[in-house]
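Trainee: Numbering (the working numbering), first residue to last: 45 to 385. Glycine included, every Cβ here is placed at the ideal spot set by N, Cα and C. This is the structure, below, for whatever I ask next.
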């Protein structure tokens, strides 16, 4: 049986900020894996053939054993990345991240301080920019991440220019989803997403800033150049693990597939592979609007989490996709028919 190639682990639900769009707030009271359990999970992941460990939260730098986790993974040949709000990144910590060859993603939710701070709190923009400066001086590999919402999508040009000026290897974009603290009025409409992607493609080429798109599998329909910067979760060999060790269908949804704490990583992976729900989502019977799409084999209906959150139908097509949008009514669910499998 194939083993997971990547492990996305929300190591803590705790955070030093209280961002208005945070989906991970749902995990704030989780009983986190202990240091011993965390070490065991990393070791088992390495032995199972996991090649990438993505650390997130909450704020992962709040875990006192975070560098024990990172060093253990690196010493066993597992590449690591980490998503942070930047507030805790000091020059010394940046040097340590660079030394361990951690790929760092720093949240930067606007081109202007007031936009970022409105979501994350006064002074948080300056902290994020300062963190990026420390990482640059340390010689680390780092990216910026903007969570696209109704309050910041019009700053996309400025965001790309800022990422370029700060030396980011990539400027990442991920749409806000109405999970955790995030409200539905923060979520972009399909036309707004399409326009933003068009502007992103145009301006990223103009300023020569590489872009990565998260949770936007339909992006190549908007601009073919996005083909190299998009990932497809339905076809990936990845596991999402919450702070308690629960294996999730997706970290924005509360669907628990198994428990790495109770069954170990390999046992939980077997449960994930055997799950009828996981298999059905990975190999769906596509609605016509998706079956006739040139991205059908890779996208496979797009983001099922977004379909669940916006239409109530886990098996529906991605409501933000431009092919789907013309026939999607957020008040009554998708009119193209659910996916059946």
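Closer than 6 Å by C-beta to residue 62: which residues in its own chain qualify, once you throw out the five before and the five after it? Chain order, please.
Mentor: What you label residue 62 is simply residue 18 of the chain shown in a count that begins at 1. For residue 62, where only same-chain residues beyond five positions count, there are no Cβ hits under 6 Å.
Trainee: Helix, strand or coil for residue 283, going by three-state DSSP, please let me know.
Mentor: Here the question's residue 283 lines up with position 239 in the chain shown. If DSSP states are grouped into helix, strand and coil, residue 283 belongs with the strands.
Trainee: What residue ranges within the region 170-233 form continuous beta strand (DSSP E) runs of no fewer than 3 residues, ordered along the chain?
Mentor: You should have 185-192, 215-219.
Trainee: Taking all protein chains shown into account, do 16 or more other C-beta atoms lie within 10 angstroms of the C-beta of residue 339, making it buried, or fewer, making it exposed?
Mentor: Along the chain shown, one-based indexing puts residue 339 at 295. So residue 339 counts as buried.
Trainee: Less than 7 Å between the C-beta atoms of residue 301 and residue 319, yes or no?
Mentor: What you label residue 301 is simply residue 257 of the chain shown in a count that begins at 1. What you label residue 319 is simply residue 275 of the chain shown in a count that begins at 1. Cβ distance < 7 Å, so residue 301 and residue 319 count as in contact.
Trainee: With residue 244 and residue 216 assumed to form a contact (beta carbons below 8 Å), what rounded beta-carbon distance in angstroms separates them?
Mentor: For the purposes of this step, residue 244 is taken as residue 200 along the chain shown, with counting starting at 1. For the purposes of this step, residue 216 is taken as residue 172 along the chain shown, with counting starting at 1. The pair is not a contact, with the Cβ atoms about 11 Å apart (cut-off 8 Å).
Trainee: Output the residue ranges of the alpha helix (DSSP H) runs that lie fully inside the region 85-149 and measure 4 residues or longer, sorted by chain position.
Mentor: List check, alpha helix (DSSP H) in window: 110-119, 135-143.
Trainee: With distances taken from CA atoms, which of 70, 122, 257 is nearest residue 91?
Mentor: As a working mapping, residue 91 is identified with position 47 in the chain shown. Residue 122 is the option with its Cα nearest to residue 91.
Trainee: Tell me where the beta strand (DSSP E) around residue 53 begins and ends.
Mentor: For the purposes of this step, residue 53 is taken as the residue at position 9 of the chain shown. Here the beta strand (DSSP E) through residue 53 covers 50-54.
Trainee: Using a Cβ-Cβ cutoff of less than 8 Å, which residues in the same chain neighbour residue 60 once the five nearest sequence positions on both sides are dropped?
Mentor: Here residue 60 is taken as the residue at index 16 of the chain shown, counted from 1. Cβ neighbours of residue 60 beyond the five flanking positions: 103, 106, 129, 131, 132.
Trainee: Between which two residues does the alpha helix (DSSP H) holding residue 266 run?
Mentor: By one-based count along the chain shown, residue 266 stands at place 222. That run of the alpha helix (DSSP H) goes 263-266.
Trainee: Hey, would you say residue 149 sits closer than 7 Å to residue 173, going by beta carbons?
Mentor: As a working note, residue 149 is residue 105 in the chain shown. As a working note, residue 173 is residue 129 in the chain shown. Not in contact: residue 149 and residue 173 (Cβ atoms no closer than 7 Å).
Trainee: So residue 65 and residue 207 are in contact, right, with Cβ under 8 Å, and what is the actual spacing, rounded?
Mentor: The residue you call residue 65 lines up with position 21 of the chain shown. The residue you call residue 207 lines up with position 163 of the chain shown. So it is not a contact: roughly 19 Å between Cβ atoms.
Trainee: Buried or exposed, going by whether 16 or more other CB atoms sit within 10 Å of the CB of residue 365?
Mentor: Position 321 of the chain shown holds residue 365. Buried, by the Cβ-count rule.
Trainee: Among 325, 93, 348, 305, which one has its Cα closest to the Cα of residue 82?
Mentor: Residue 82 sits at position 38 when you count from the first residue of the chain shown. Measuring from the Cα of residue 82, the nearest candidate turns out to be 305.
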